[in-house]
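In this note's numbering, the protein residues as written are 16 to 445. The structure appears right after this line, and notes come after that.
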């Protein structure tokens with residue numbers, strides 16, 4: 016009976032009536048709805064009395080009028096019987112119920128035929144003939160596949176069929192032919208070397224669309240693709256956020272380990288520099304001793320016998336005044352860093368030390384001028400790595416205090432003497 020026949024597919028999510036499985040699939044892709052069922056409800060549309068074309072919307076009717084000039088329409092039922100539940104011959108080739116997934120809505124579009132339909136999934140899995148698509152425009156193909164989201168097979172077929180690399184024309188062709196029965200059929204070589212497509216048995220193509228209708232379908236298709244890209248980008252963003260959170264603790268731990276390693280290396284470097292400075296200081300002491308021998312002879316150097324005879328007098332002789340210590344340090348700098356051997360090193364060190372000492376003389380109550388950070392890179396380059404530089408600062412009163420050289424007691428006389436000696440030696444270097 017008529018009441019036992021399904022006349023349409025109904026979307027369970029929004030209630031829209033659809034005539035064919037292809038329309039149901041388009042609806043699922045456009046709106047994300049996936050639940051469809053057969054219904055005996057009839058679809059009512061405006062049918063052209065002159066050519067019989069059904070128009071399901073005012074827009075479709077206006078386009079038909081503009082394209083054909085037909086003006087007379089009447090309201091009719093256009094539901095297509097999908098299959099009869101009481102007709103066993105039809106049931107044998109069609110699923111008993113509609114699938115809950117849009118990808119599985121594959122049903123006969125009118126009456127069941129004796130010839131079994133070709134499974135669209137089988138057609139979609141078959142590739143195009145490589146020889147037919149070998150010379151296609153690869154730039155246009157990449158745009159259709161990577162930027163617009165078409166499958167490679169459909170993109171190749173559209174480019175081959177249109178014979179152009181114009182993206183708009185290719186997309187229009189896809190929009191116009193996406194409901195054709197052989198739309199997913201692969202390109203195959205015919206006997207004469209041309210393209211012969213595998214045909215499904217679901218029926219022939221629907222009436223070709225006008226240019227206006229094709230443009231509308233193309234825009235709808237592009238919008239669906241745009242929505243797909245948006246969803247894909249959102250999913251990728253969610254995955255990136257999960258990975259970022261997952262790796263956050265590991266990154267923090269790695270950063271802490273690197274910082275600890277860097278501090279350890281800095282401390283080792285400072286220790287190494289101190290050891291090297293002590294060795295260099297001893298070497299300089301020996302050089303100064305030899306210099307005194309050359310200038311004053313053995314009288315200036317106490318003999319080993321006298322040193323053994325009067326060991327208690329040695330400490331008193333070794334003790335020097337701040338002015339003598341400053342002079343000794345300055346002599347060491349000028350000897351080791353002569354302008355002809357190490358140009359600019361001695362003058363830069365003396366100028367920097369003069370600035371440190373002069374600041375304390377001019378601002379004795381300013382705490383910031385009474386501390387020098389020895390780990391500062393500029394200090395190390397200008398003074399710290401120059402043998403005799405730190406010795407001079409200690410001679411004027413600075414003492415080691417952790418990472419600083421600190422002046423705990425301000426002796427203006429000693430500081431002013433240091434400034435005078437520095438200025439004299441700077442002038443001598445010029």
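By construction, the Cβ of each residue, glycine as well, lies at the ideal position given by its N, Cα and C atoms. None of the values given here were measured: they were computed from a predicted structure.
With 16 other Cβ atoms within 10 Å as the buried cut-off, status of residue 153: The residue labelled residue 153 in the question sits at position 138 within the chain shown. Residue 153 is exposed by the Cβ-count criterion.
Residues that DSSP places opposite residue 72 in a beta bridge: In the chain shown, counting from the first residue as 1, residue 72 sits at position 57. Note: residue 72 sits in no beta bridge, so no partner.
Residue 414 to residue 421 span [Cα, whole Å]: Position 399 of the chain shown, counted from the first residue, corresponds to residue 414. Position 406 of the chain shown, counted from the first residue, corresponds to residue 421. Distance between the alpha carbons of residue 414 and residue 421 is about 5 Å.
Contact check, residue 443 vs residue 344, beta carbons under 8 Å: On the chain shown, position 428 is the one that residue 443 refers to. On the chain shown, position 329 is the one that residue 344 refers to. In this structure, residue 344 does not lie closer than 8 Å to residue 443 by Cβ.
Nonlocal neighbours in the same chain, by C-beta distance under 6 Å from residue 386, ignoring five residues either side: Position 371 of the chain shown, counted from the start, is the residue given in the question as residue 386. Answer for residue 386: 419 and 421, listed in chain order.
Of the listed residues 240, 424 and 231, nearest to residue 74 (C-alpha basis): Stepping through the chain shown from its first residue, residue 74 is reached at position 59. Among 240, 424 and 231, the Cα nearest to that of residue 74 belongs to 231.
Supposed contact pair residue 156 and residue 174 - C-beta distance, whole angstroms, cut 8 Å: As a working note, residue 174 is residue 159 in the chain shown. As a working note, residue 156 is residue 141 in the chain shown. That pair is a contact at about 6 Å.
Spatially closest choice to residue 381 from 247, 227, 193 and 425, by CA coordinates: Position 366 of the chain shown, counted from the first residue, corresponds to residue 381. Cα-wise, what sits closest to residue 381 is 425.
Rounded C-alpha distance that separates residue 45 from residue 90: Counting from 1 along the chain shown, the entry for residue 45 is found at position 30. Counting from 1 along the chain shown, the entry for residue 90 is found at position 75. Looking at the two C-alpha atoms, the distance is approximately 27 Å.
Chain-order list of residues whose beta-carbon lies under 6 Å from that of residue 406 (same chain, five-residue window excluded): The residue labelled residue 406 in the question sits at position 391 within the chain shown. If we look at residue 406 and ignore the five residues flanking it on each side, its Cβ neighbours are 344.
Coarse secondary structure for residue 166, derived from DSSP in three states: Taking the first residue of the chain shown as 1, we reach residue 166 at position 151. Of the three classes helix, strand and coil, the one that applies to residue 166 here is coil, per DSSP.
Chain-order list of residues whose beta-carbon lies under 8 Å from that of residue 441 (same chain, five-residue window excluded): What you label residue 441 is simply residue 426 of the chain shown in a count that begins at 1. 362, 365, 366 and 369, listed in sequence order.
Cα-Cα separation between residue 184 and residue 251, rounded to whole angstroms: Along the chain shown, one-based indexing puts residue 184 at 169. Along the chain shown, one-based indexing puts residue 251 at 236. Rounded to whole angstroms, residue 184 to residue 251 spans 31 Å at the Cα level.
At least 3 beta-carbon pairs within less than 8 Å: the stretch 161 to 174 vs the stretch 186 to 203: yes
Contact the stretch 341 to 356 vs the stretch 428 to 440: 3+ CB pairs below 8 Å: yes
Environment of residue 62 [buried if 16+ CB atoms lie within 10 Å]: The count along the chain shown starts at 1 and reaches residue 62 at position 47. Residue 62 comes out buried.
Own chain residues within Cβ distance below 8 Å of residue 29, not counting five before or after: The residue given as residue 29 occupies position 14 in the chain shown. Only 46 and 48 meet the Cβ criterion.
Cβ-Cβ separation, residue 375 to residue 340 (assumed contact under 8 Å), whole Å: For the purposes of this step, residue 340 is taken as residue 325 along the chain shown, with counting starting at 1. For the purposes of this step, residue 375 is taken as residue 360 along the chain shown, with counting starting at 1. Going by Cβ atoms, the distance from residue 340 to residue 375 rounds to 17 Å, so no, they are not a contact pair.
According to DSSP, residues forming a beta bridge with residue 388: On the chain shown, position 373 is the one that residue 388 refers to. 419.
Residue 182 beta carbon less than 8 Å from that of residue 158: Counting from 1 along the chain shown, the entry for residue 158 is found at position 143. Counting from 1 along the chain shown, the entry for residue 182 is found at position 167. Contact flag set, yes.
Inter-residue CB distance, residue 360 and residue 401 (contact presumed, cutoff 8 Å): The sequence position of residue 360 within the chain shown is 345, counting from 1. The sequence position of residue 401 within the chain shown is 386, counting from 1. Rounded, the Cβ-Cβ distance is 6 Å, consistent with contact.
Residues that residue 26 bridges to, as DSSP identifies them: Numbered from 1 along the chain shown, position 11 holds the residue referred to as residue 26. Paired residues: 51.
Straight-line gap, residue 298 to residue 352 (C-alpha atoms, nearest Å): For the purposes of this step, residue 298 is taken as residue 283 along the chain shown, with counting starting at 1. For the purposes of this step, residue 352 is taken as residue 337 along the chain shown, with counting starting at 1. Distance between the alpha carbons of residue 298 and residue 352: 14 Å.
Assigned exposure category for residue 54 - 16 Cβ within 10 Å defines buried: For the purposes of this step, residue 54 is taken as residue 39 along the chain shown, with counting starting at 1. The residue is buried, with at least 16 neighbouring Cβ atoms inside 10 Å.
Own chain residues within Cβ distance below 7 Å of residue 244, not counting five before or after: Here residue 244 corresponds to residue number 229 of the chain shown, with the count starting at 1. Correct list, in chain order: 164.
Check: residue 342 C-beta below 7 Å from any heavy atom of the ligand ZN: This structure lacks the ligand ZN; in fact it carries no ligand of any kind.
Beta-ladder partner(s) of residue 91, from DSSP: Counting from one through the chain shown, the residue named residue 91 turns up at place 76. According to DSSP, which records beta bridges pairwise, residue 91 is partnered with 60.
Close beta carbons around residue 80, own chain, < 7 Å, minus the five adjacent residues each side: As a working note, residue 80 is residue 65 in the chain shown. Contacts found: 86.
Exposed unless 16 or more other CB atoms sit within 10 angstroms - verdict on residue 216: Residue 216 sits at position 201 when you count from the first residue of the chain shown. Its pLDDT being 36, under 50, residue 216 is placed unreliably in this model, and the value from its coordinates should be taken loosely. Looking at its Cβ environment, which holds fewer than 16 other Cβ atoms inside 10 Å, residue 216 is exposed.
Neighbourhood of residue 76 by C-beta distance below 6 Å, restricted to the same chain and skipping five residues each side: Looking up residue 76 in the chain shown gives position 61. So the list reads 61 and 70, once near-sequence residues are dropped.
Cα-Cα separation, residue 304 to residue 295: As a working note, residue 304 is residue 289 in the chain shown. As a working note, residue 295 is residue 280 in the chain shown. Straight-line Cα distance between these residues: approximately 14 Å.
Three-state class that DSSP yields for residue 198 in the structure shown: Residue numbering aside, residue 198 sits at position 183 when the chain shown is read from its first letter. DSSP places residue 198 in coil when its eight states are reduced to three.
Spatial distance of residue 151 from residue 205 (CA atoms): Looking up residue 151 in the chain shown gives position 136. Looking up residue 205 in the chain shown gives position 190. Roughly 19 Å separates the two Cα atoms.
Under 8 Å between C-beta atoms of residue 56 and residue 33: The residue labelled residue 56 in the question sits at position 41 within the chain shown. The residue labelled residue 33 in the question sits at position 18 within the chain shown. Contact: no.
When 394, 41 and 24 are compared against residue 195, the one with the closest alpha-carbon: Taking the chain shown and counting its residues from 1, the one referred to as residue 195 is at position 180. When only C-alpha atoms are compared, the closest one is 41.
Close-in-space but distant-in-sequence residues of the same chain around residue 311 (CB under 6 Å, 5 per side omitted): By 1-based counting over the chain shown, the position of residue 311 is 296. None.
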